[in-house]
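The structure appears right after this line, and notes come after that.
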Amino acid sequence: MKISLLFLTWIALSTSLGVGFAYSQYGLVPWTAAVSLGVSLVALLIAVLVSPGQLLNRLEKVQASGIILAILFLTFAIRAFSQVIFVEDGAVKVLSPNNLGDICLHLTHINFLASNPHYWPENPIYAFDKLRYPIGIDIFNAELKLIGISPNLGIILVAFLGSLLTLRALFLFGGPFAVAAFLFNGGLVGFIMFESWPWHLEDYQADVAWKSIPLALFVTQRGLLYAIPAGLVLITHWRRTLDSQTDRPHLPFWGEWILYSTMPLFHLHTFIFLSFLLLWWFLFGNPNWRGHLIRLVAFSFIPATFFVYGVTGFGKTNALAWEPGWTSVVEAREHWRHFWWFSHLPHGAQAPMVWLLNFGLVLPLAIILLLYLCFPRGIDVWRTRFRMRQILLPAIAMFILCAFIRFAPWDWDNTKLFFWAYMLMMVAIWEMFLSRWHPLIRLPFLFVFFFSGFISLLGGLAPNHEHGYAIGEEEEWIQVDDALKAFPPEAVFAIYPTYNHPALVTGHRVVLGFPGHLWSHGLEYRSEEQLLNKVMLADPGWEPLSRKLDIDYLFWGPFEQEHYPSTAHSWDNYPVVAEGPWGKVFDLRALKKAATPTAAN
Numbered sequence: 089m090k091i092s093l094l095f096l097t098w099i100a101l102s103t104s105l106g107v108g109f110a111y112s113q114y115g116l117v118p119w120t121a122a123v124s125l126g127v128s129l130v131a132l133l134i135a136v137l138v139s140p141g142q143l144l145n146r147l148e149k150v151q152a153s154g155i156i157l158a159i160l161f162l163t164f165a166i167r168a169f170s171q172v173i174f175v176e177d178g179a180v181k182v183l184s185p186n187n188l189g190d191i192c193l194h195l196t197h198i199n200f201l202a203s204n205p206h207y208w209p210e211n212p213i214y215a216f217d218k219l220r221y222p223i224g225i226d227i228f229n230a231e232l233k234l235i236g237i238s239p240n241l242g243i244i245l246v247a248f249l250g251s252l253l254t255l256r257a258l259f260l261f262g263g264p265f266a267v268a269a270f271l272f273n274g275g276l277v278g279f280i281m282f283e284s285w286p287w288h289l290e291d292y293q294a295d296v297a298w299k300s301i302p303l304a305l306f307v308t309q310r311g312l313l314y315a316i317p318a319g320l321v322l323i324t325h326w327r328r329t330l331d332s333q334t335d336r337p338h339l340p341f342w343g344e345w346i347l348y349s350t351m352p353l354f355h356l357h358t359f360i361f362l363s364f365l366l367l368w369w370f371l372f373g374n375p376n377w378r379g380h381l382i383r384l385v386a387f388s389f390i391p392a393t394f395f396v397y398g399v400t401g402f403g404k405t406n407a408l409a410w411e412p413g414w415t416s417v418v419e420a421r422e423h424w425r426h427f428w429w430f431s432h433l434p435h436g437a438q439a440p441m442v443w444l445l446n447f448g449l450v451l452p453l454a455i456i457l458l459l460y461l462c463f464p465r466g467i468d469v470w471r472t473r474f475r476m477r478q479i480l481l482p483a484i485a486m487f488i489l490c491a492f493i494r495f496a497p498w499d500w501d502n503t504k505l506f507f508w509a510y511m512l513m514m515v516a517i518w519e520m521f522l523s524r525w526h527p528l529i530r531l532p533f534l535f536v537f538f539f540s541g542f543i544s545l546l547g548g549l550a551p552n553h554e555h556g557y558a559i560g561e562e563e564e565w566i567q568v569d570d571a572l573k574a575f576p577p578e579a580v581f582a583i584y585p586t587y588n589h590p591a592l593v594t595g596h597r598v599v600l601g602f603p604g605h606l607w608s609h610g611l612e613y614r615s616e617e618q619l620l621n622k623v624m625l626a627d628p629g630w631e632p633l634s635r636k637l638d639i640d641y642l643f644w645g646p647f648e649q650e651h652y653p654s655t656a657h658s659w660d661n662y663p664v665v666a667e668g669p670w671g672k673v674f675d676l677r678a679l680k681k682a683a684t685p686t687a688a689n
């Protein structure tokens with residue numbers, strides 16, 4: 089556990105130091121990034137070495153299943169992350185269609201944060217608000233860029249490091265079964281493969297709510313590269329501490345504090361779940377646990393509150409809403425009704441069937457296990473079941489909450505909480521049921537548990553006929569980056585709002601970014617979108633609107649030519665401050681200085 093602790097706390101502490109420097113007069117520049125990365129690594133290495141316990145723990149038992157699953161996990165990681173972003177024949181590509189928008193958003197954040205903006209930074213994809221997003225892993229990548237590691241390479245290296253840390257954390261958390269639960273989550277959806285012949289591989293879970301965790305979450309949500317291993321290490325530590333397993337490796341308090349208190353900066357949903365666990369154990373756990381929980385929360389309160397405020401602004405209350413059924417009703421109407429056997433089900437049975445199709449045997453077995461744990465027999469059995477109830481009950485409670493309450497503007501984002509509830513339920517089912525059953529009984533259950541996820545993961549990783557999905561041209565991005573490098577980070581560009589615009593991915597603020605990102609982040613952008621369209625079309629009165637939108641520069645390139653073909657080009661009389669094969673940049677700052685709308689005419 090010490091090696092995992094070293095790298096996880098290094099990411100957390102170096103990122104936090106980078107934030108501190110960014111607030112200071114020095115800013116986040118190459119030398120402060122190097123200090124943040126170097127000093128934190130040296131300090132943590134010393135702290136880890138002087139902490140009790142061995143640096144490397146001897147493997148207690150090597151299982152064939154563990155070796156096989158480790159190989160499968162590493163195969164997935166190499167396949168998914170070696171080409172998470174790559175260049176082929178001059179085109180910048182991503183391997184997964186799930187990553188088309190997400191990788192561009194993270195490139196935007198990394199390049200923008202590396203340009204030394206004032207902190208808390210403005211939002212590069214929405215010129216009217218701060219960057220209310222868990223940007224921890226992107227700050228870490230920005231620091232790597234500042235010391236000479238390109239964003240593309242940095243994204244791949246961090247992904248590989250996060251994968252190794254996640255694999256180790258999964259084994260600590262629940263052994264080979266936890267690795268399988270992570271890789272091959274799914275319900276009964278994959279069995280649709282047998283409806284037709286010949287069988288073919290595809291991601292059968294792509295169109296349902298409970299998608300493949302590796303493909304839909306781990307590859308796309310970069311904050312999870314830190315949050316999943318850190319969260320698993322914390323939960324494993326808490327289980328051992330609260331169970332008084334003194335013979336197993338534990339975290340020192342400083343490590344526990346760093347991982348928990350900085351979690352909001354990297355992944356808010358994980359912080360919510362971890363805090364929910366601590367609250368549950370404080371209220372319903374062993375009273376002897378409360379002293380440790382109070383100490384951890386007390387020490388974490390100030391840094392965690394600061395980071396929660398940074399990534400949320402304590403706003404966006406519209407993100408929390410009552411939405412019973414999660415996505416089951418919509419999914420039943422838009423996806424499953426096309427199957428004859430589903431359309432013949434009674435209307436009242438369709439939504440429950442959607443849950444069964446998504447999660448398979450997990451929910452029935454979790455309910456059976458819950459009933460089983462409520463009837464203890466004997467003092468030793470009672471203690472075992474009490475400890476297991478402290479894992480299963482909060483997981484089921486969070487699952488129920490997510491089934492009725494939406495925690496983000498996009499209801500699918502509840503998956504980030506469902507994930508944690510699912511992992512705890514799975515390890516409880518394994519420890520109390522499956523691990524105790526005869527292999528001949530266990531194997532059919534394992535097949536039903538993991539077949540859909542296994543097939544969907546293989547299908548999602550299989551190369552398509554175009555070998556990836558293009559998101560831009562490398563030469564164009566390099567030219568735009570060179571042309572705009574001297575522009576200050578606070579400058580706002582008017583562009584056509586899309587996820588892969590070269591001005592955006594090279595780290596420059598724009599009036600509006602991709603509408604899908606704006607909506608999923610809870611940003612009300614419709615009125616600004618209408619005004620931006622009028623500016624880009626040069627409608628009468630566009631100049632005062634430009635000032636209202638706080639536009640400094642107007643970018644006119646291929647995207648703009650394609651989507652605003654009928655524009656009057658009324659800004660041609662304004663200075664051109666950058667120009668190349670990629671287009672032109674017009675300087676509209678004079679409009680902002682005008683005292684009245686007519687002063688610029």
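Residues 89 to 689 (our numbering) make up the sequence shown, in order.
We treat Cβ as the ideally placed atom computed from N, Cα and C, and that holds for glycine.
- The three-state reading of DSSP puts VAL130 in helix, counting H, G and I together.
- Following the DSSP letters along the chain, one finds ASP190 inside the alpha helix (DSSP H) bounded by residues 188-201.
- ILE323 sits in a helix when the DSSP states are folded into three classes.
- Straight across, the Cα-Cα distance linking LEU271 with PHE538 is about 9 Å.
- Closest option to LEU303, judged by alpha-carbon separation, among ALA571, LEU546, THR472, THR594: LEU546.
- Relative to PHE161, the option among PHE542, ALA656, TRP368 whose CA is nearest is PHE542.
- Beta-bridge partners assigned by DSSP to GLY224: none are found.
- When secondary structure is reduced to three states using DSSP, ASP675 falls in the strand class.
- DSSP places LYS233 within a helical segment (H, G or I) once states are collapsed to three.
- TYR460: not part of any beta strand (DSSP E); member of the alpha helix (DSSP H) spanning 450-461, first to last residue.
- Bridge partners of VAL180 according to DSSP: VAL175, GLY560.
- In the DSSP annotation of this structure, TYR214 is not part of any alpha helix (DSSP H), being labelled neither H nor E.
- Contact check for PHE279 against ILE323 fails: the beta carbons are separated by 8 Å or more.
- Between the C-alpha atoms of ILE479 and LEU312 there is a straight-line separation of about 21 Å.
- The DSSP-derived three-state label of TRP644 is strand.
- Within a 10 Å sphere around the beta-carbon of GLN618 sit fewer than 16 other beta-carbons, which makes this residue exposed.
- Rounded to whole angstroms, the gap between the alpha carbons of TRP414 and ASP627 is 42 Å.
- In the three-state reduction of the DSSP assignment, ILE583 falls in the coil class.
- Boundaries of the alpha helix (DSSP H) around VAL107: 90-111.
- Sequence-distant Cβ neighbours of SER128 in its own chain, meaning closer than 7 Å and more than five residues away, are TRP98, LEU101, SER102, LEU105.
- In the displayed model, ARG494 falls within a strand according to three-state DSSP.
- Between ALA269 and MET514, the CB-CB gap stays under 8 Å.
- Its Cα nearest to that of TYR314, the residue ILE227 stands out among ARG378, LEU481, ILE227.
- Looking at the DSSP output, GLY275 sits in no beta bridge, so it has no partner there.
- One alpha carbon belongs to CYS462, the other to PHE506, and they sit about 23 Å apart.
- Less than 8 Å divides the Cβ of LEU276 from the Cβ of SER540.
- Nearest to PRO653 by C-alpha distance, out of LEU625, TYR613, VAL664, is LEU625.
- DSSP places ALA409 within a strand segment (E or B) once states are collapsed to three.
- In summary, TYR114 is exposed, with fewer than 16 beta-carbon neighbours lying within 10 Å of its beta-carbon over all protein chains present.
- CA-CA distance, SER284 to HIS435, rounds to 26 Å.
- Annotation: TRP508 to LEU253 spans about 17 Å, alpha carbon to alpha carbon.
- Between the segment 600-607 and the segment 178-197, the count of C-beta pairs closer than 8 Å reaches three or more; the two stretches touch.
- With 16 or more other Cβ atoms from the protein chains shown falling within 10 Å of its own Cβ, HIS338 counts as buried.
- Residues THR350, PRO352, LEU353 of the same chain have their beta carbon placed closer than 7 Å to that of PHE395, with the five preceding and five following residues left out of the count.
- Between LEU637 and LEU620, the C-beta gap is smaller than 8 Å, which places the two residues in contact.
- The closest CA to that of HIS206, considering only VAL117, THR400, ILE243, is found on VAL117.
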